[in-house]
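Colleague: For the sequence shown, position 63 (counting from the first letter as 1) is numbered 62 according to numbering that gives the first Met the number 0, and the numbering increases by one without interruption.
Glycine included, every Cβ here is placed at the ideal spot set by N, Cα and C.
Predicted, not measured: the structure shown is a model, and the values here were computed from it.
If you scroll down you'll find the structure; I have some questions about it.
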Amino acid sequence: MNRTVRTRFAPSPTGFMHIGNLRTGLYAYLFARKNKGVFILRIEDTDRERKVDGAVEMVYRTLKIAGIDHDEGPDKDGGYGPYVQTERMGIYKQYAEKLVELGGAYYCFCDKERLESLKDGNGVHTYDKHCRNLDSAEVRRRLEAGEPYVIRQKVPEGTVSEYEDLVFGRISVESSDIEDGILLKSDGLPTYNFANVVDDHLMGITHVIRGTEYLSSTPKYNMIYDAFGWERPTYMHLPPIMKDATRKLSKRFGDANFEDFIAKGYLPEAIVNYIALLGWCPKDNREKMTMEEMTEAFDVDGISHSSSIFDETKMRWLNGEYLKAMSKEEFYNAALPWIEKAVDGKNYDRAELASLMQTRVDILGEIPEKLAFLNGYGEYDLSMYEHRKMKVDKSVALAAVRLAEEALSSLEDWSEDSIKECVVQGAERGGMKSGQVMFSMRVALTGEPVTPGGAIEMAVVLGKEESLARLAFSAQLLERNL
Ligand code: GLU
């Protein structure tokens with residue numbers, strides 16, 4: 000019988016979410032959706048020391064913004080809860096004890112000093128199985144006496160544990176290489192090694208999708224499934240995302256934080272699209288895809304075995320493609336907060352500014368800088384007017400700016416076409432090339448060497464009054480400095 004596919008995303012609230020963490024969630028989501036399955040959110044918060052305030056809220060926020068919606072989770076009960084590990088403490092203890100009964104685990108009473116004495120020259124200790132064969136009467140006596148204990152995995156001896164990873168193929172580990180690790184700590188909290196197995200089983204997870212750091216520990220987890228007599232899930236381990244050839248992205252160093260990119264003015268759908276491609280490629284090599292298209296195209300065969308490097312330039316490019324593909328209105332709505340930042344309460348036509356920006360930015364965060372010229376004007380570097388090829392110098396510029404000012408002062412219809420016509424005709428009358436006038440006018444209007452558009456576009460967005468004031472100011476400035 001085919002079971003309903005159930006996948007999960009199991010973040011630990013130990014910091015923000017970088018692109019690599021989110022990609023794991025995204026693949027688990029896409030796989031579930033593609034297979035008409037169920038996608039579950041589980042919060043793995045047993046590491047109390049590393050827990051960061053606000054990190055759980057950040058997980059919800061991030062998934063929501065990214066459009067990765069879970070079917071079950073702490074906020075959506077699907078009958079497999081609780082979905083927060085610290086709310087499942089009784090469960091782990093009960094299952095650890097059951098595993099002892101089944102012969103897959105044992106009580107260990109070794110104290111710190113004893114474990115210290117097992118350390119090798121590098122300060123690493125491998126547990127020597129000291130308590131593995133204590134007789135049950137002794138165990139009972141020591142438990143009753145209230146001695147502190149942990150529960151350790153009883154790794155079967157002399158075997159090889161194997162499984163077939165959907166991405167990496169056959170993985171096998173000799174049992175002699177697996178330590179009798181701790182499953183339940185002396186404070187009653189489970190280790191990740193135990194909790195992931197119990198939770199995945201009880202939550203009916205059919206496909207475990209997670210980072211390669213767990214690839215080689217998985218045989219050890221499978222031994223726990225086997226000892227319980229539980230069906231093992233299918234595994235898909237994902238190669239890491241690197242920040243360069245040698246370093247992985249890291250939460251600790253603040254790398255590639257999803258929310259930082261949103262704050263910089265990336266669109267969530269562009270980020271999600273980009274990260275989907277970090278380690279997966281659809282059969283037809285398409286790049287720009289909606290969530291529905293990715294769901295449709297998602298297949299395990301397209302997942303790469305090798306790590307990928309996070310390339311912000313590429314993500315920026317893709318974001319620019321998203322912006323260009325938006326309707327005018329969509330872009331206006333997305334860009335408005337950034338435009339407001341730039342105009343700082345002034346009376347410019349926001350829609351005009353939006354249409355100026357749509358093809359000129361890759362991320363919305365570039366808008367305030369590109370529109371900085373809107374915010375007042377003052378003395379600027381007049382060497383900008385020197386343009387040899389166009390035969391413009393300060394005196395030619397002065398004539399051009401005056402000409403533009405005069406021609407435009409009586410213009411009624413302040414639209415792109417009529418401003419253009421007016422300036423071209425003015426240039427003709429004054430015996431100047433229209434290129435010379437346009438160039439000088441653009442500098443005069445903005446006081447900047449690089450502007451998001453030509454003279455006419457700048458005049459349109461500045462409006463008539465402001466344009467004429469700026470032309471007059473520039474003419475005076477040139478005059479004073481000839
Ligand atoms: N809490 C683990 C992590 O954040 C999840 C590992 C898993 O998916 O099993 O790395």
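How long is the line joining the alpha carbons of residue 445 and residue 376, rounded to whole angstroms?
Modeller: Here residue 445 is taken as the residue at index 446 of the sequence shown, counted from 1. Here residue 376 is taken as the residue at index 377 of the sequence shown, counted from 1. One C-alpha to the other measures close to 7 Å.
Colleague: Flag this pair as yes or no: are the beta carbons of residue 396 and residue 322 separated by less than 8 Å?
Modeller: For this step, residue 396 is matched to residue 397 along the sequence shown. For this step, residue 322 is matched to residue 323 along the sequence shown. Not closer than 8 Å, so no.
Colleague: How would you call residue 252, buried or exposed, if buried means at least 16 neighbouring beta carbons within 10 angstroms?
Modeller: Translated into positions along the sequence shown, residue 252 becomes position 253. Residue 252 should be labelled exposed.
Colleague: Tell me, which residues are paired with residue 435 by DSSP?
Modeller: Locating residue 435 in the sequence shown gives position 436, counting from the first residue. DSSP, once it has assigned bridges, lists no residue as partnering residue 435.
Colleague: What are the start and end residues of the beta strand (DSSP E) that includes residue 108?
Modeller: Your numbering for residue 108 matches position 109 in the sequence shown. Looking at the DSSP string, residue 108 is not in any beta strand (DSSP E), and its letter there is neither H nor E.
Colleague: Taking the CB atoms as reference points, tell me whether residue 225 and residue 242 lie closer together than 8 Å.
Modeller: By 1-based counting over the sequence shown, the position of residue 225 is 226. By 1-based counting over the sequence shown, the position of residue 242 is 243. Taking 8 Å as the Cβ cut-off, residue 225 and residue 242 do not qualify as a contacting pair.
Colleague: Using the Cα positions of residue 74 and residue 44, report the straight-line distance between them to the nearest angstrom.
Modeller: As a first step, residue 74 must be located in the sequence shown, where it is residue number 75. As a first step, residue 44 must be located in the sequence shown, where it is residue number 45. Rounded to the nearest angstrom, the two C-alpha atoms are 16 Å apart.
Colleague: Below 8 Å between beta carbons: does that hold for residue 42 and residue 5?
Modeller: In the sequence shown, the residue the question calls residue 42 occupies position 43. In the sequence shown, the residue the question calls residue 5 occupies position 6. For residue 42 and residue 5, no; Cβs fall outside 8 Å.
Colleague: Can you confirm whether the region 286-297 touches the region 21-38 when touching is taken to mean that 3 or more C-beta pairs between the two stretches lie within less than 8 Å?
Modeller: yes
Colleague: Measuring from each Cβ to the nearest heavy atom of the ligand GLU, keep the ones under 7 Å and list them in chain order.
Modeller: 9, 10, 11, 20, 23, 43, 191, 195, 207, 209, 210 and 213
Colleague: On the premise that residue 272 lies in contact with residue 287, defined as a C-beta separation below 8 Å, what is that separation, rounded to the nearest angstrom?
Modeller: Taking the sequence shown and counting its residues from 1, one reaches residue 287 at position 288. Taking the sequence shown and counting its residues from 1, one reaches residue 272 at position 273. Contact flag correct, Cβ pair sits at about 7 Å.
Colleague: Classify residue 247 as helix, strand or coil using the three-state DSSP reduction.
Modeller: The sequence position of residue 247 within the sequence shown is 248, counting from 1. Correct three-state label for residue 247: strand.
Colleague: When burial is assigned at 16 or more other CB atoms within 10 Å of the CB, is residue 304 buried or exposed?
Modeller: Walking along the sequence shown from the start, residue 304 turns up at place 305. Label assigned to residue 304: exposed.
Colleague: Which partner residues of residue 121 appear in the DSSP bridge assignment?
Modeller: The residue given as residue 121 occupies position 122 in the sequence shown. According to DSSP, residue 121 bridges with nothing at all.
Colleague: Using 10 angstroms around the beta-carbon of residue 67, count the other beta-carbons present and answer buried if the total reaches 16, otherwise exposed.
Modeller: Indexing the sequence shown from 1 puts residue 67 at position 68. Taking all protein chains shown into account, residue 67 has 16 or more neighbouring C-beta atoms within 10 Å of its C-beta and is therefore buried.
Colleague: If residue 92 and residue 183 are in contact, beta carbons under 8 Å, what's the gap, nearest whole angstrom?
Modeller: Translated into the one-based positions of the sequence shown, residue 92 becomes position 93. Translated into the one-based positions of the sequence shown, residue 183 becomes position 184. About 6 Å separates the beta carbons of residue 92 and residue 183, which is inside the 8 Å limit, making them a contact pair.
Colleague: Going by the beta-carbon positions, is the gap between residue 274 and residue 7 smaller than 8 Å?
Modeller: As a first step, residue 274 is located in the sequence shown; it is residue number 275 there, counting from the start. As a first step, residue 7 is located in the sequence shown; it is residue number 8 there, counting from the start. For residue 274 and residue 7, no; Cβs fall outside 8 Å.
Colleague: Ordered along the chain, which non-local residues of its own chain (more than five positions away) have a Cβ less than 7 Å from that of residue 374?
Modeller: Here residue 374 is taken as the residue at index 375 of the sequence shown, counted from 1. 343, listed in sequence order.
Colleague: Look at the alpha carbon of residue 403 and the alpha carbon of residue 422, and state the distance between them as a whole number of angstroms.
Modeller: Here residue 403 is taken as the residue at index 404 of the sequence shown, counted from 1. Here residue 422 is taken as the residue at index 423 of the sequence shown, counted from 1. So the two alpha carbons sit approximately 6 Å from each other.
Colleague: May I ask which residues mark the beginning and end of the alpha helix (DSSP H) holding residue 449?
Modeller: As a working note, residue 449 is residue 450 in the sequence shown. Segment: none, residue 449 is in no alpha helix (DSSP H) and carries neither H nor E.
Colleague: Leaving out the 5 sequence neighbours to the left and right, which residues in its chain are closer than 6 Å to residue 425 when beta-carbon positions are compared?
Modeller: Within the sequence shown, the letter at position 426 stands for residue 425. Closer than 6 Å at the Cβ level, and outside the excluded window around residue 425, lie 402 and 406.
Colleague: Grouping DSSP H, G and I as helix and E and B as strand, with all else coil, what is residue 162?
Modeller: The residue you call residue 162 lines up with position 163 of the sequence shown. If DSSP states are grouped into helix, strand and coil, residue 162 belongs with the strands.
Colleague: Taking just the CA atoms, how far does residue 95 sit from residue 154?
Modeller: The residue labelled residue 154 in the question sits at position 155 within the sequence shown. The residue labelled residue 95 in the question sits at position 96 within the sequence shown. Roughly 14 Å between the two C-alpha positions.
Colleague: Just to check my reading of the structure: residue 449 and residue 347 have Cβ atoms closer than 8 Å, yes? What is that Cβ distance to the nearest angstrom?
Modeller: For the purposes of this step, residue 449 is taken as the residue at position 450 of the sequence shown. For the purposes of this step, residue 347 is taken as the residue at position 348 of the sequence shown. Contact doesn't hold; Cβ gap of about 20 Å is too wide.
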